[in-house]
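Using my numbering, you'd call the opening residue of the sequence shown number 263 and step up by one each time. Take a look at the structure set out below.
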Amino acid sequence: MAENRCRRCLLRELEAGQELYASVKAYREALSPDQRTPDGAFEARLETCRACPYLNNATCMQCGCFVEIRAARRDIQCPMGRWQEP
Ligand code: SF4
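Quick look at the structure:
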């Protein structure tokens with residue numbers, strides 16, 4: 263059986279992450295516009311995570327969060343200060 267882990271992957275790219283990613287999308291959509299990281303900034307945050315050595319199987323190894331959840335709220339920052347303010 264193939265190993266379903268990927269160091270550089272986000273939840274949305276993992277076959278096993280699809281159900282959880284649907285919850286992340288619902289969570290993002292439920293945030294008010296002033297709480298939600300704007301789409302462009304959200305994608306920029308995730309691209310930074312994809313290039314980060316602390317990303318492992320959609321999880322930040324510095325904080326233990328799924329990065330798509332951590333990136334969803336504009337007032338939550340990268341624990342290593344790698345994201346730009348939206
Ligand atoms: S340290 Fe920051 S950039 Fe790296 S995976 Fe964690 S949240 Fe993403």
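Backbone N, C-alpha and C define an ideal beta-carbon position, used for all residues, glycine too.
Who are the Cβ neighbours of residue i in its own chain at under 6 Å, not counting the five residues just before and after it?
i: Ala303; result: Pro348
Pull up the distance between the alpha-carbon of residue i and that of residue j, whole angstroms please.
i: Ala264; j: Gln297; result: Note that Ala264 scores 45 on pLDDT, short of 50, meaning its location in the model is unreliable; the coordinates nonetheless yield the value given after this. Near 39 Å, if we compare the C-alpha coordinates of Gln297 and Ala264.
i: Arg344; j: Ala313; result: 11 Å
Mark residue i as exposed unless 16 or more other C-beta atoms lie within 10 angstroms of its C-beta, in which case mark it buried.
i: Leu273; result: buried
i: Glu246; result: Lying before the first or after the last residue shown, residue 246 is absent from the chain, which here runs from 263 to 348.
i: Gly279; result: buried
i: Leu308; result: buried
Report the residue from the options whose alpha carbon sits nearest the alpha carbon of residue i.
i: Thr299; options: Leu282, Cys322, Ile331; result: Ile331
i: Pro341; options: Gln324, Phe328, Ala334; result: Gln324
i: Ala306; options: Val329, Val286, Asn319; result: Val329
i: Val286; options: Ala320, Pro315, Arg270; result: Ala320
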